Structures are given as C-alpha cells and as structure tokens.
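Using the numbering used here, the first residue of the sequence shown is number 8, and each one after it goes up by one.
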Amino acid sequence: MPEEFDRPNSFGWLVNVVANKASKDFDVELKKYGLTIALWPTLMCLWEEEGLTQRDIAAKSKVENSTTTRTLDKLEKLDLVERRADPNSRRSFRIYLTEKGKELEKDIIPVPARVNKELMSALDADEQQQMIGLLKKMVAAI
8 MPEEFDRPNS FGWLVNVVAN KASKDFDVEL KKYGLTIALW PTLMCLWEEE GLTQRDIAAK
68 SKVENSTTTR TLDKLEKLDL VERRADPNSR RSFRIYLTEK GKELEKDIIP VPARVNKELM
128 SALDADEQQQ MIGLLKKMVA AI
C-alpha cells in the first residue's frame with residue numbers, strides 16, 4: 008500500500024512555499040533594476056569572484072551549464088558582464104563584470120538581506136541559526 012502524502016506536513020511542500028515567497032519578493036525588487044531572479048546566481052558568483060569560466064559559475068551557483076549560457080547571454084546584452092578569451096584554453100572564456108555590473112552590486116546586495124530578514128522574522132534567533140544550519144547540511148549533501 009502506498010504511503011499517504013501529507014501535504015501540510017511535507018518538507019518539500021513547506022520549503023517550496025517559503026522559496027516561492029522569497030523568489031517573488033526578491034524578483035519584485037530586482038525588476039526595479041531591470042533584472043530577474045534568474046540572473047541573480049550568476050551575478051552573485053561574479054561579485055564574489057571574477058574571471059570564472061562558465062562551468063565554474065554553473066557549479067558554484069548549482070545551475071545547469073546550458074542555463075548559465077543563456078544567463079550570460081542576457082547579462083552581456085545588459086552590458087553587465089563580458090566574456091574574455093581564456094589564455095590557458097582556446098575553447099574557453101573567462102567571465103568578468105563590466106563597470107556597470109560592478110556598480111550594480113552596491114544597490115543589489117542589500118536586497119536579499121532584507122528579503123531574508125522579513126522571511127526569518129517569524130523565528131527567534133536560535134531557530135534562525137538552527138534553520139540555516141540544517142539547510143546548509145542538506146545543500147552540502149546535494
């Protein structure tokens with residue numbers, strides 16, 4: 008007999024509800040800068056470290072390589088990143104932020120902190136630490 012699915016107590020469903028709320032709130036803020044949430048993981052990786060390859064970005068952001076290609080194309084059209092030939096490989100490119108991409112960081116970085124703070128406000132400080140710790144453990148196992 009199949010196991011009964013208890014949606015209101017399902018981890019996957021609950022995480023999805025929270026993630027959807029975070030995504031919507033974040034996307035609303037990003038649209039003010041002409042961006043979408045789909046562009047965020049790549050920008051975040053490059054703000055942390057420039058000169059990454061497309062493969063590096065995909066691995067760091069946990070996004071498919073083909074998705075990263077489309078994202079980089081969009082970011083290039085927005086004049087936020089540029090591809091430069093990799094001196095160590097004729098078939099590879101390194102990705103760098105343009106001046107416009109670098110300037111955007113100071114405006115965008117506070118946004119997820121605000122969204123996270125709002126979402127986590129239902130939990131006390133200990134619960135927040137515990138939640139983050141458990142989610143990190145799960146992400147590391149993926």
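Beta carbons: idealized from backbone N, C-alpha and C, even for Gly. The model shown is predicted, which means the values in this text are computed figures rather than measured ones.
Candidates Leu126, Ala147 and Ala92: closest to Phe100 by CA position
Ala92
Checklist line | Between the CA atoms of Asn23 and Ala29 - distance to the nearest angstrom | finding: 10 angstroms
Ignoring anything shorter than 3 residues or poking outside the segment 66-92, list the beta strand (DSSP E) runs there in chain order. 88-92
Just mark Glu134 as buried or exposed, buried being the case when its beta carbon has 16 or more other beta carbons within 10 Å. exposed
**Prompt:** Along the chain, which unbroken stretches of the alpha helix (DSSP H) at least 4 residues long are found entirely within the segment 89-132?
**Reply:** 106-115 and 117-127
Which listed residue (Ser96, Asn123, Leu85 and Arg121) has its alpha carbon closest to that of Leu111: Leu85
Which residue's Cα is closest to the Cα of Leu87: Ser73, Val70 and Tyr103? Tyr103
Alpha carbon of Ile64 to alpha carbon of Asn72, nearest angstrom: 8 angstroms
- Query: Can you tell me the Cα-Cα spacing of Gln137 and Lys109, whole angstroms?
  - Reply: 33 angstroms
### Task
Have a look at Lys143 and Phe18 and give me their C-alpha separation to the nearest angstrom.
15 angstroms
Exercise. Could you tell me whether the Cβ atoms of Leu46 and Lys69 are closer together than 8 angstroms?
Key: no
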